[in-house]
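In case it helps, my numbering puts the sequence shown at residues 383 to 644.
Structure, as structure tokens:
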Amino acid sequence: MLDLAFSRRQYLVRLADGPARIRDLVDAFEHSRSTVNRAVRALEADGLVERGADGYEATYAGRILLDTVDEAVAVAEAVETANGVLNELPSSPRNHRFFADAEVVTIAGTPPATVLSRLQRVVEAADRLRGASIAANDERFVSTLYRRTVVEGSLELSYVLTESVAEYLAAESPERARSIVEAGVEVSVATDLPFAWYLSTVEGRTTAYLAIHGDRGNFLGYAANDDPDAVAWLADLFEAERGRGTPLAAYYRANDGDVLAP
């Protein structure tokens, strides 16, 4: 049945929009009448379309199977666009639906500076940002976060860092680390994270960004999706990781108290 839905998808799409007669389908697809008849009969035999007074129309079963096929096609397109980059993500947690209709941008297909500039603009535009970082790749991104959060106070930020990123921040920018703590920015430290992600809210609308890194922490690209289910998946993951993390100030006091010394 699934093979049939894939092979006759265009018929299901048309008949999900409303009833149509055989001659309408012949005209719409420029197929022979015999080809259309075979397609419709096969769909009807599997209960995916039914005949009514105004012609053939998709059944409930046909509509939900079409939804499944459309989702699979959208995910496949995202996988193809990613050029293998998605294989850098861990096997768990995963949500294939996140990639349905997601915008996938990789440095293999777009100049790295362009990709990083897009993410920097995300930070510049956000009213609220929830994020999780596994690497400190781009100084401009970090500097923009710091400026908008600590210096200007124009961004509501909640963040989770891995221990390695927290230690890097303390070693490379101790004054910045201390200022973040003193400003009361909500930052937690987790032992590890599966990947990096961001939830950017602009005027009440949230977009989820799943960042992809190589095994050495090198940034490879991202997938963005503003579908509510996609946003909810990463929002739930953020809350779970934030809940098991240690506040940044407590982490530094326990591991490197000198960072907080004036």
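All C-beta atoms, glycine included, are put in the ideal place defined by N, C-alpha and C.
Contact with chain D by Ala495, beta-carbon distance below 9 Å: In the structure shown, chain D does not exist; there is a single protein chain.
Nearest residue (CA-CA) to Leu501, options Val524, Ala614 and Arg558: Val524
Selected residue, minimal CA-CA separation from Glu485, among Val457, Ala578 and Pro472: Val457
Buried versus exposed, by CB contacts within 10 Å (16 or more), Leu528: Note on residue identity: the sequence assigns Tyr, not Leu, to residue 528. Buried, since its Cβ has 16 or more Cβ neighbours within 10 Å.
Whole-angstrom distance between Ala578 and Asp608, CA atom to CA atom: 17 Å
Where Phe601 sits in the DSSP three-state scheme: strand
Distance CB(Ile516)-CB(Gly599) smaller than 9 Å: yes
Length-filtered (3 minimum) beta strand (DSSP E) runs lying within the segment 524–597: 538–544, 568–572, 578–584 and 587–595
Cβ pair Thr450, Ala387 closer than 9 Å: yes
Through-space distance from Ala606 to Phe411, alpha-carbon basis: 34 Å
Span separating the alpha-carbon of Gln392 from that of Pro401: 14 Å
N- and C-terminal bounds of the alpha helix (DSSP H) containing Ser499: Pro494 to Ala507
Counterpart residues of Tyr438 in DSSP-defined beta bridges: Ala402 and Arg433
Sheet register partners of Leu511 (DSSP bridge): Leu539 and Ser582
Beta-bridge partners of Ala607, as assigned by DSSP: Position check: residue 607 holds Asn in this sequence, whereas Ala was assumed. According to DSSP, Asn607 bridges with Ala590.
Residue nearest to His595 in terms of C-alpha spacing, selected from Glu453, Gly437, Ser389 and Asp520: Asp520
Residues near Ala490 by beta carbon distance below 8 Å, same chain, minus five either side: Asn465, Val467, Leu602 and Gly603
Length of the line joining the Cα atoms of Pro493 and Arg503: 16 Å
Thr463 - partner residues in DSSP beta bridges: In DSSP, Thr463 forms no bridge with anything.
Where Tyr485 falls: helix, strand or coil (DSSP): Note that residue 485 is Glu in the sequence shown, not Tyr. If DSSP states are grouped into helix, strand and coil, Glu485 belongs with the strands.
Proximity below 9 Å, CB of Ser561 to CB of Val532: yes
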